[in-house]
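**Q** Numbering (the UniProt record's numbering), first residue to last: 1 to 112. Virtual Cβ for every residue (Gly too), placed ideally from N, Cα, C. Model, not experiment: these values are computed from the prediction.
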């Protein structure tokens, strides 16, 4: 996936999904950010973050298309998911991905 495809993906995520899913990303020669990302989180993904630029340096994204919504102090949080919508979006954009449990991996340009 090249930089243009990443831009199209990000624009589509922001406009076509019910919420912007949380994600982890890794750039070439850098550590993943955030360092740990194995459990559901209570925040949404900031797909407009300037730290993603330049897109050509993105090695991969790990997307968890769900988050924990707080219901109240005495009630456990509810898992809100857009997994089906996210997978349909990837297929529509013809973006290859690998699903591992609740995580979806999308690989950027491997030629860097």
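Over the uninterrupted beta strand (DSSP E) stretch that includes residue 68, give me the two end residues.
**A** Your numbering for residue 68 matches position 68 in the chain shown. Looking at the DSSP string, the run of the beta strand (DSSP E) that includes residue 68 is 66–69.
**Q** Suppose you measure from the CA of residue 29 to the CA of residue 59; what does that come to, to the nearest Å?
**A** Residue numbering aside, residue 29 sits at position 29 when the chain shown is read from its first letter. Residue numbering aside, residue 59 sits at position 59 when the chain shown is read from its first letter. Roughly 9 Å separates the two Cα atoms.
**Q** Excluding the five sequence neighbours on either side, which residues of its own chain have a C-beta within less than 6 Å of the C-beta of residue 42, listed in chain order?
**A** For the purposes of this step, residue 42 is taken as residue 42 along the chain shown, with counting starting at 1. 68.
**Q** Could you name the residues of the same chain whose beta carbon sits closer than 7 Å to that of residue 27, not counting the 5 residues immediately before and after it, in chain order?
**A** Numbered from 1 along the chain shown, position 27 holds the residue referred to as residue 27. Correct list, in chain order: 57, 58, 59.
**Q** Specify, as a first and last residue, the run of the alpha helix (DSSP H) that residue 86 falls within.
**A** Residue numbering aside, residue 86 sits at position 86 when the chain shown is read from its first letter. Residues 83–92.
**Q** Assuming residue 83 and residue 66 form a contact by the criterion Cβ under 8 Å, report the distance between their Cβ atoms to the nearest whole angstrom.
**A** Locating residue 83 in the chain shown gives position 83, counting from the first residue. Locating residue 66 in the chain shown gives position 66, counting from the first residue. The pair is a contact, with the Cβ atoms about 6 Å apart (cut-off 8 Å).
**Q** Cβ of residue 60 versus every heavy atom of the ligand ZN: is any distance shorter than 7 Å?
**A** Among the components of this structure there are no ligands whatsoever, and the ligand ZN is therefore not found.
**Q** From which residue to which residue does the alpha helix (DSSP H) around residue 16 run?
**A** One-based indexing of the chain shown puts residue 16 at position 16. Looking at the DSSP string, the run of the alpha helix (DSSP H) that includes residue 16 is 3–16.
**Q** Nearest to residue 46 by CA position, among 97, 14, 9, is which residue?
**A** To locate residue 46, count along the chain shown from 1; it is residue 46. When each option's Cα is compared against that of residue 46, the closest is 14.
**Q** Measuring only the C-alpha atoms, how far is residue 72 from residue 79?
**A** Here residue 72 refers to the residue found at position 72 when the chain shown is read from its first residue. Here residue 79 refers to the residue found at position 79 when the chain shown is read from its first residue. Their Cα atoms are separated by approximately 14 Å.
**Q** Taking residue 125 and residue 7 to be in contact with their CB atoms under 8 Å, please state how far apart those CB atoms are, rounded to whole angstroms.
**A** Coverage of the chain is limited to positions 1 through 112, which leaves residue 125 absent and any answer about it impossible.
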